[in-house]
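Worksheet: one structure, shown below.
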Amino acid sequence: MKHNKLLLPLLFFILFSCTQKSQEMQENLIITVGSGMDPSEPRYGIELKGDTVFYCEEINPQETFKDTFLYKYYYCIVGKEKVNDILNRSKAVFDNKLDYGYIDDANFYQIDINTYFDDKDKPIDTLTTTFYLEHLEEDEQLKVVNDILALKDCDLKPMKYHLFNSGILQYRLPPPPPPVKMNAPPKEIK
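Residue numbers (mature numbering (1 follows the signal peptide of the UniProt record, and there is no 0)): -22 to -1, 1 to 168.
If you want it as structure tokens, here you go:
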């Protein structure tokens, strides 16, 4: 009888310790917008994760006329259905093309769609696409990007910090080349 009392809990312990939990897949989408021609336009980033929109915006670039790399952070709850809808539409229209062309002084955009397990920090799959709005190939791509950018107009609440992919949010222009040294004064043109 004593053995039966010990055997039953031991059996339950073995049974439950051997079962594996199925890991759930999670996805997030991050769109970042780099510097454009107008130095007063701040760089910003939007992340969709779970049911939340996270937003960061560069602090006062118009006052410094240079890259500050300092950001204000916000969040807004928009609902899991809306986030999943935009994620699915984004995956359907973007691929891993890394170069949609180059335009001088235009705002440069980057979309990262990450897939990862609940208990892991590192993504198991990442789709990265960089582009200019003017070079998007399909109307649906432009519609998805505009729908994502419109989310920054939700009821944003400030927060202390949120980690964003820093790729084009931290991009610096290379320094200009040094002036050309001339050994003699310029010749007079006749």
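Where a beta carbon is used, it is the ideal one built from N, C-alpha and C, also for glycine.
In this text, all values refer to a predicted model and were calculated from it rather than measured experimentally.
Please report the straight-line C-alpha distance between residue i and residue j, rounded to a whole angstrom.
i      : j    : result
V71    : N6   : 16 Å
P157   : E166 : 21 Å
M137   : C54  : 10 Å
I8     : T93  : 12 Å
N66    : P155 : 45 Å
K130   : H140 : 15 Å
G57    : A128 : 15 Å
S18    : I37  : 10 Å
G23    : K159 : 42 Å
E25    : D63  : 14 Å
Q119   : P163 : 55 Å
Q1     : I91  : Residue confidence for Q1 is low, a pLDDT of 47 falling below 50, so the modelled location carries little weight and cannot support an answer.
T10    : E35  : 10 Å
P20    : S13  : 7 Å
K121   : D73  : 16 Å
D16    : A84  : 9 Å
D117   : V123 : 10 Å
Y49    : C132 : 18 Å
D125   : K60  : 10 Å
F(-11) : Q4   : Low confidence applies to F(-11): its pLDDT is 49, below 50, so where it sits in the model is not reliable, and the reading given next is rough at best. So the alpha carbons of these two residues sit roughly 31 Å apart.
Helix, strand or coil for residue i? Go by DSSP, reduced to three states.
i           : result
E36         : strand
residue 169 : With the chain covering only -22 through 168, there is no way to say anything about residue 169.
F(-7)       : Confidence is the limiting factor: at F(-7) the pLDDT is only 47, short of 50, which leaves the residue's position unreliable, though a coordinate-based value still follows. Three-state result, F(-7): helix.
Opposite residue i in the DSSP bridges: which residues?
i    : result
D103 : T93
I9   : I24, I89
F109 : Y87
V158 : BP columns for V158 are empty, so no partner.
K135 : Y53
V123 : In DSSP, V123 forms no bridge with anything.
V31  : L26, C54
Kindly give me the distance between the Cβ atoms of residue i and residue j, rounded to whole angstroms, as I take these residues to be in contact under 8 Å.
i   : j    : result
F86 : T108 : 7 Å
Y52 : L134 : 4 Å
S68 : I89  : 7 Å
Spell out whether any CB of chain C is found under 7 Å from the CB atom of residue i.
i   : result
K50 : Considering every chain present, this structure includes no chain C. It has just one protein chain.
### Message
Taking 8 Å as the cut-off, does the stretch 24 to 38 touch the stretch 107 to 114 (at least 3 CB pairs, one atom from each stretch)?
### Response
no
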